[in-house]
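Notes for the one structure printed next.
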Amino acid sequence: MIVPALVRVRGRSMLPTYREGDVLLVLRGLAPRPGRAHVVDLPPDAHGRPRPLAVKRVTGPDPDDPTRWWLDTDNPGEGVTSFDVGSVPRSAVRAVVLGLVRRPLG
Amino acid sequence: MLSPFRITDVSAHCDLPCGVYDPAQARIEAESVKMICQKVADNDDPDFRTRATIIKEQRSELVKHHLWVLWTDYFKPPHFEKYPQLHVLVNEATKLAGAAGTKGEFDEAKADELLAKIEEISTIFWETKKG
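Shown next as structure tokens:
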């Protein structure tokens, strides 16, 4: 079942596409769409602490394991990517970003 | 958690707060190394020289540490594509902070070479921040 949801971007790693405070409409229940931004679960950090739910771009399948997905940021200077944490399984890709619904002024 | 009726925060962050990486850390340690070389040149006290040697060793190691952190944690594949000289620069800079460089001798000129390499890395670092 395809279910819509709303999320708010926190942080700078998806600049210039999405910025702090942007509200995005996302859809759950769809297969990952390579090239689009997605809401994803990142693997826990080196100390085993969970990372927060994140927004990242799914660039495509992991070249070493086509069942997994490769994540990147839009801002090469900042943010956790698959270069840092590896690719993620299908189950970690929680929703696909449909688009921006509200951007704060200023 | 994800719901059409309320807005869930999603993170677009680094693991650490953004902006914590800064080549200034490596530069300050390298300036320390240079200052130690200057102080030793003016002092014949063997105890002082022993302490200076130990501290210079530690500071040189910190230079290497900070450069390696930038190299492995901050710089990403797109940066290395844009600045293909970056790998060699980090290699040369960390060598200059090693036994063949500031660890091995009390040579201000070596410390200046090290500072110049750090400056080159720093220039690239701040260019990537503009993007």
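So the protein sequences, as listed, match chains E and Z.
Residues in the first sequence are numbered from 1 upward in steps of one, following full-length UniProt numbering.
Residues in the second sequence are numbered from 1 upward in steps of one, following full-length UniProt numbering.
By construction, the Cβ of each residue, glycine as well, lies at the ideal position given by its N, Cα and C atoms.
query                                                                                                                                                                                                         : result
Of all Cβ atoms in chain Z, is any one closer than 8 Å to the Cβ of Val3 (chain E)?                                                                                                                           : yes
Output the distance between the C-alpha atoms of Lys95 (chain Z) and Trp126 (chain Z), rounded to the nearest integer angstrom.                                                                               : 23 Å
Give a yes or no on whether 8 Å exceeds the smallest Cβ distance from Gly79 (chain E) to chain Z.                                                                                                             : yes
Quick check on Pro104 (chain E) - is its C-beta less than 8 Å from some C-beta in chain Z?                                                                                                                    : no
Quick check: what's the CA-CA separation for Pro17 (chain Z) versus Asn43 (chain Z)?                                                                                                                          : Only weak support is given to the placement of Pro17 (chain Z): the predicted model assigns it a pLDDT of 49, under 50, and the value that follows is read from those uncertain coordinates. Pro17 (chain Z) and Asn43 (chain Z): Cα-Cα distance of roughly 43 Å.
Give the straight-line distance between the Cα atoms of Val101 (chain E) and Pro50 (chain E), rounded to the nearest whole angstrom.                                                                          : 28 Å
Taking Asp64 (chain E) as the reference, which of E:Ser82, E:Pro52, E:Leu24 has the closest Cα?                                                                                                               : E:Ser82
Just verifying my parser: in three-state terms, what is the DSSP assignment at His11 (chain Z)?                                                                                                               : A small correction: the amino acid at residue 11 (chain Z) is Ser; His does not occupy that position in the sequence shown. Ser11 (chain Z): strand per DSSP, three-state reduction.
Of the residues Z:Thr128, Z:Leu67, Z:His79, which one's Cα is nearest the Cα of Asn91 (chain Z)?                                                                                                              : Z:Leu67
Measure from the alpha carbon of Arg51 (chain Z) to the alpha carbon of each residue in Z:Leu62, Z:Ala111, Z:Lys39, then state which is nearest.                                                              : Z:Lys39
Determine the closest residue to Ala92 (chain E) out of E:Gly48, E:Gly21, E:Ala54, with distance taken between C-alpha atoms.                                                                                 : E:Ala54
Write down every uninterrupted run of the beta strand (DSSP E) in the UniProt region "Disordered" (38-75) of chain E whose length is 3 residues or greater and which is fully enclosed by it, in chain order. : 54-62, 65-72
Just tell me which of E:Thr73, E:His47, E:Glu78, E:Asp22 has its CA closest to the CA of Val40 (chain E).                                                                                                     : E:Thr73
Taking only three categories from DSSP, how would you classify Leu114 (chain Z)?                                                                                                                              : helix
Do Val58 (chain E) and Pro32 (chain E) have their beta-carbon atoms positioned less than 8 Å apart in this structure?                                                                                         : yes
Quick check: is the beta carbon of Ser11 (chain Z) nearer than 8 Å to any beta carbon in chain E?                                                                                                             : yes
Taking only beta-carbon positions, decide if Gly60 (chain E) is within less than 8 Å of chain Z.                                                                                                              : no
Apart from the five residues on each side of it in sequence, which residues of its chain come closer than 8 Å, Cβ to Cβ, to Pro44 (chain E)?                                                                  : Pro50, Arg51
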